[in-house]
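Structure, as structure tokens:
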Amino acid sequence: MRVRADRHTGGVAGSRRRLRRTTAASLTVLVLAASGVGAMYAGADGAASATVGVGLTAILFGGGLLGMRRPAPGRNPIRPVLVALMLRLMLYASAVVLITRSEWMHGPSLASATAASVGVMVAVELLVLGREPAAELELEGS
102 MRVRADRHTG
112 GVAGSRRRLR
122 RTTAASLTVL
132 VLAASGVGAM
142 YAGADGAASA
152 TVGVGLTAIL
162 FGGGLLGMRR
172 PAPGRNPIRP
182 VLVALMLRLM
192 LYASAVVLIT
202 RSEWMHGPSL
212 ASATAASVGV
222 MVAVELLVLG
232 REPAAELELE
242 GS
């Protein structure tokens, strides 16, 4: 397989930028698709619920993008990753508890949109990261 050199310019910053752009574009497409499907099945409440489901996915994946940096030398490299993960999971769980108590929430639309968007985002990010040269995936300071 031949890789075009001009596609992989920009080093670590270029890799992060490509991943951020792809994540934002993918989440935008997912919101539009999920709200359309939710509206077809359950009207306005289904559309809103599906949009919230994709929003919950955005919390998980968008928060992960914010944590893509290596800590200063001499620091524990796993600690910031674990802290960011715990904060995202707490935010996600709190949001789920609050929105599922809403009377307008359409549960099947919320659950379907969340599950589908998580699956799509995992696949998209793995594809994007798989296309980056290994050297560009190394974080700064390594």
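In the numbering used here, the protein residues as written are 102 to 243. Glycine included, each C-beta is placed from N, C-alpha and C at the ideal position.
Buried/exposed call for residue i, threshold 16 Cβ in 10 Å
i, result
"residue 214", "buried"
"residue 216", "exposed"
"residue 148", "buried"
"residue 222", "buried"
"residue 102", "Note that residue 102 scores 42 on pLDDT, short of 50, meaning its location in the model is unreliable; the coordinates nonetheless yield the value given after this. That one is exposed."
"residue 154", "buried"
"residue 225", "buried"
"residue 132", "buried"
"residue 135", "buried"
"residue 227", "exposed"
"residue 129", "exposed"
Inter-residue Cα distance where the pair is residue i and residue j
i, j, result
"residue 157", "residue 193", "6 Å"
"residue 230", "residue 183", "21 Å"
"residue 159", "residue 200", "16 Å"
"residue 185", "residue 211", "24 Å"
"residue 162", "residue 124", "8 Å"
"residue 118", "residue 233", "12 Å"
"residue 208", "residue 174", "46 Å"
"residue 146", "residue 140", "7 Å"
"residue 196", "residue 218", "16 Å"
"residue 243", "residue 115", "With a pLDDT of 49 at residue 243, under the threshold of 50, the predicted position of this residue should be treated as unreliable, and no value is reported."
"residue 301", "residue 181", "Residue 301 is absent from the model: the chain starts at 102 and stops at 243."
"residue 202", "residue 191", "17 Å"
"residue 143", "residue 220", "22 Å"
"residue 198", "residue 177", "33 Å"
Where residue i falls: helix, strand or coil (DSSP)
i, result
"residue 118", "helix"
"residue 243", "Reliability fails at residue 243, whose pLDDT of 49 lies under 50, so the model's placement of it is uncertain and the value that follows must be treated cautiously. Coil at residue 243, not helix or strand."
"residue 141", "helix"
"residue 204", "coil"
"residue 220", "helix"
"residue 233", "coil"
"residue 181", "helix"
"residue 189", "helix"
"residue 175", "coil"
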